[in-house]
Amino acid sequence: MNKESINEEVVRHIAALSRLSLSDTDVKKYQSQLKNILDYIEQLDEVNTEDIPPTTHVLSSMKNVFREDVAKDSLSQEEVLDNAPSRRNGFFRVPKVI
Numbered sequence: 037m038n039k040e041s042i043n044e045e046v047v048r049h050i051a052a053l054s055r056l057s058l059s060d061t062d063v064k065k066y067q068s069q070l071k072n073i074l075d076y077i078e079q080l081d082e083v084n085t086e087d088i089p090p091t092t093h094v095l096s097s098m099k100n101v102f103r104e105d106v107a108k109d110s111l112s113q114e115e116v117l118d119n120a121p122s123r124r125n126g127f128f129r130v131p132k133v134i
């Protein structure tokens with residue numbers, strides 16, 4: 037989609053998909069903002085990234101910290117249910133969700 041195709045109809049369609057109701061002033065404002073966003077994306081497309089390796093984070097020094105899994109005794113069913121506001125037959129009792 038190019039920035040020329042961001043017209044009022046497109047903005048209203050996006051708003052409807054998002055379940056938003058926009059005034060005419062809002063439509064004009066968002067039309068302009070969407071065009072600015074597309075302008076910015078066009079600038080990013082001009083950057084040469086051919087020899088740049090893909091990254092998952094901007095700071096290459098960041099690494100995941102892992103710990104060894106250690107097996108521990110878990111709580112008993114009675115201990116788990118001690119603070120339950122409502123229980124029935126050894127289970128949490130919650131409202132029905134349909």
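Every letter in the sequence shown is one number past the one before it in this note's numbering, and letter 84, counting from 1, is 120.
No residue lacks a Cβ here, since even glycine has one placed at the ideal position from N, Cα and C.
Is it buried or exposed, residue i, if we count other Cβ atoms within 10 angstroms and call 16 or more buried?
i      : result
Tyr-76 : exposed
Ile-42 : buried
Val-83 : exposed
Val-47 : buried
Just to confirm my understanding: we take residue i, look at its own chain, exclude 5 residues before and 5 after, and list those with CB closer than 7 Å. What are they?
i      : result
Asp-62 : none
Using a Cβ-Cβ cut-off of 8 Å (strictly less than) and excluding sequence neighbours within five positions of residue i, which residues of its own chain qualify?
i       : result
Arg-123 : Leu-117, Arg-129
Which residue's Cα is closest to the Cα of residue i: the options?
i      : options                 : result
Lys-99 : Thr-91, Asn-125, Gln-79 : Thr-91
In whole angstroms, what separates the C-alpha of residue i from that of residue j?
i       : j      : result
Phe-127 : Ser-68 : 55 Å
Pro-121 : Ser-54 : 37 Å
Ser-57  : Ala-51 : 7 Å
Glu-71  : Asp-60 : The amino acid at residue 71 is misidentified as Glu; the sequence shows Lys. Straight-line Cα distance between these residues: approximately 17 Å.
Lys-64  : Glu-78 : 21 Å
Tyr-66  : Glu-45 : 12 Å
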